[in-house]
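Enquirer: Below you will find the structure I want to go over with you.
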Amino acid sequence: MTTPEKPARDSAGLTDYLFALPQYLLPTHALSAAMHRIARSRWRGFKDPFTRWFVGRYQVNLAEAQQPDPAAYESFNAFFTRALRPEARPMHDEAGTAICPVDGAVSQAGHIAGDTIFQAKGRSFDLDTLVGGAEYAKGFRNGRFATLYLSPRDYHRIHMPLAGKLTRMTYIPGRLFSVNAATAKVIPSLFARNERVVCHFDTEYGPMAMILVGAVFVGSIETVWAGEVAPPRHWYTETKRYLNDAPQLGRGEEMGRFNMG
Numbered sequence: 009m010t011t012p013e014k015p016a017r018d019s020a021g022l023t024d025y026l027f028a029l030p031q032y033l034l035p036t037h038a039l040s041a042a043m044h045r046i047a048r049s050r051w052r053g054f055k056d057p058f059t060r061w062f063v064g065r066y067q068v069n070l071a072e073a074q075q076p077d078p079a080a081y082e083s084f085n086a087f088f089t090r091a092l093r094p095e096a097r098p099m100h101d102e103a104g105t106a107i108c109p110v111d112g113a114v115s116q117a118g119h120i121a122g123d124t125i126f127q128a129k130g131r132s133f134d135l136d137t138l139v140g141g142a143e144y145a146k147g148f149r150n151g152r153f154a155t156l157y158l159s160p161r162d163y164h165r166i167h168m169p170l171a172g173k174l175t176r177m178t179y180i181p182g183r184l185f186s187v188n189a190a191t192a193k194v195i196p197s198l199f200a201r202n203e204r205v206v207c208h209f210d211t212e213y214g215p216m217a218m219i220l221v222g223a224v225f226v227g228s229i230e231t232v233w234a235g236e237v238a239p240p241r242h243w244y245t246e247t248k249r250y251l252n253d254a255p256q257l258g259r260g261e262e263m264g265r266f267n268m269g
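Quick note on the working numbering: the sequence shown kicks off at 9 and runs consecutively.
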């Protein structure tokens, strides 16, 4: 006999508040900067034991990795951003079908109500703020969205759900709160407050935005065309437009990754 799984609680509980609220006081940028240096250490006396601990703690499936030996990676960050075997994620070939861009859980998905996006029960956030201004948001009002959460054990590279041509990239500074379910329930406008990189694409089905949101210890965002975008952190919004030199990426092609730091 099986016992039905309890449904996930929609509203925030005491443990959610106890986890989320102290993050207002933590020096998350300083902690992430320290992690950026530590995670790139090549000293085997640190990286090998730490990587083994991480694999056991988060039950990482090494059978899917292109390099299954944790000790073979030059640093913990190299392991964290490891490649998967090509056959580990076969891609659906049906024309017009968007693929999931990451190895993560869908925490929310649905329609954008005007310029309002649902975050969690009783909480939403503003589309204009999320993408860096009304000018960039107008193509997405009353559109559709999906919020995808990557856990520590997941594959941290990001792929194109559809083929597209990059038109602009906006770096938006912000906080580095954790982005798990607890903080989404407690912290208002979480995804529009955290540091992020907004990548706009033209596709044959219309405009598409890939928004890479940083978090504490995982605030180093990288794209295949610009390299590491954050850090360093400027504390001002910066947009780069792409015209003749615009990268064109195919469906399923890697477009970026989340690094430690």
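For glycine and all other residues, C-beta sits at the position ideal for the given N, C-alpha and C. Predicted model only: the values in this text are computed from it and were never measured.
Taking 8 angstroms as the limit between beta carbons, can you name the residues of its chain near Val221, skipping five residues before and five after?
Expert: Cβ within range, chain order: Val187, Phe199, Asn202, Glu203, Arg204.
Enquirer: With burial defined as no fewer than 16 other Cβ atoms inside 10 Å of the residue's Cβ, what is the status of Cys207: buried or exposed?
Expert: Cys207 comes out buried.
Enquirer: Buried or exposed, going by whether 16 or more other CB atoms sit within 10 Å of the CB of Glu82?
Expert: By the neighbour-count rule (16 or more Cβ atoms within 10 Å), Glu82 is not buried but exposed.
Enquirer: Between the Cα of Ala190 and those of Gly269, Arg259, Lys129, spot the shortest distance and give me the residue it belongs to.
Expert: Closest by alpha carbon: Lys129.
Enquirer: Report the rounded CA-to-CA distance for Arg165 versus Val114, giving the unit in angstroms.
Expert: Answer to the nearest angstrom: the Cα atoms are 16 angstroms apart.
Enquirer: Are there 16 or more other CB atoms within 10 angstroms of the CB of His167, so buried, or fewer, so exposed?
Expert: Result: buried.
Enquirer: Would you call the stretch 144-161 in contact with the stretch 106-123, where contact means no fewer than 3 C-beta pairs closer than 8 angstroms?
Expert: In short, these stretches touch, since the Cβ pair count reaches three.
Enquirer: Can you check which of these residues, Arg93, Ala41, Gln256, is closest to Trp233 by C-alpha distance?
Expert: The shortest Cα separation from Trp233 among Arg93, Ala41, Gln256 belongs to Gln256.
Enquirer: Can you check DSSP and say which residues form a bridge with His119?
Expert: Answer is Arg152.
Enquirer: In chain order, what residues of the same chain have a beta carbon less than 8 angstroms from the beta carbon of Gly112, not counting five sequence neighbours either side?
Expert: Hits under 8 angstroms: Leu156, Tyr157, Leu158, Ser159, Asp162.
Enquirer: Taking buried to mean at least 16 other C-beta atoms within 10 Å of its own C-beta, is Asp24 buried or exposed?
Expert: With 16 or more other Cβ atoms within 10 Å, it is buried.
Enquirer: Over the uninterrupted alpha helix (DSSP H) stretch that includes Pro57, give me the two end residues.
Expert: Where Pro57 is concerned, the enclosing alpha helix (DSSP H) stretches over 52-66.
Enquirer: For Ala16, count neighbouring Cβ atoms within 10 angstroms of its own Cβ and tell me buried if that reaches 16, exposed if not.
Expert: Bear in mind that a pLDDT of 46 at Ala16, under 50, signals an unreliable position, so the number given afterwards is only what the model happens to contain. Classification for Ala16: exposed.
Enquirer: Just confirm the distance between the C-beta atoms of Asn85 and Gly122, as a whole number of angstroms; I'd bet it's less than 8 angstroms.
Expert: Contact doesn't hold; Cβ gap of about 40 angstroms is too wide.
Enquirer: According to the Cβ coordinates, are Thr36 and Val194 closer than 7 angstroms?
Expert: In this structure, Val194 does not lie closer than 7 angstroms to Thr36 by Cβ.
Enquirer: Measure the alpha-carbon distance for Gly235 versus Arg265 and round it to whole angstroms.
Expert: Approximately 10 angstroms between the Cα atoms of the pair.
Enquirer: Indicate the three-state DSSP secondary structure (helix, strand or coil) for Pro215 in the structure shown.
Expert: Strand at Pro215.
Enquirer: Just the Cα atoms here: how many angstroms apart are Met9 and Trp61?
Expert: Per-residue confidence for Met9 stands at a pLDDT of 36, beneath the threshold of 50, marking its modelled position as unreliable; the derived number appears in the next sentence. Each residue's Cα considered, the two are about 35 angstroms apart.
Enquirer: If you draw a straight line from the alpha carbon of Arg50 to that of Phe87, how long is it in whole angstroms?
Expert: If I take the Cα positions, the gap works out to 12 angstroms.
Enquirer: Would you kindly work out how many angstroms separate the C-alpha atoms of Asp134 and Glu102, rounded to a whole number?
Expert: Cα to Cα, Asp134 sits roughly 33 angstroms from Glu102.
Enquirer: Helix, strand or coil for Phe84? Go by DSSP, reduced to three states.
Expert: In this structure, Phe84 counts as helix in the three-state DSSP scheme.
Enquirer: When you compare only the Cα positions, how much space is there between Tyr136 and Gly214?
Expert: A quick correction: the sequence has Asp, not Tyr, at residue 136. Whole-angstrom Cα-Cα distance: 18 angstroms.
Enquirer: Under 8 angstroms by Cβ, that's how I've got Arg176 and Thr247 pegged, so tell me the actual separation to the nearest angstrom.
Expert: Confirmed, about 6 angstroms.
Enquirer: Quick check on this structure: which residue in Ala217, Glu230, Leu174 has the alpha carbon closest to the alpha carbon of Asp253?
Expert: For Asp253, the nearest C-alpha among the options comes from Leu174.
Enquirer: Determine the direct distance from the alpha carbon of Ile180 to that of Gly147, and round the result to whole angstroms.
Expert: Distance between the alpha carbons of Gly147 and Ile180 is about 19 angstroms.
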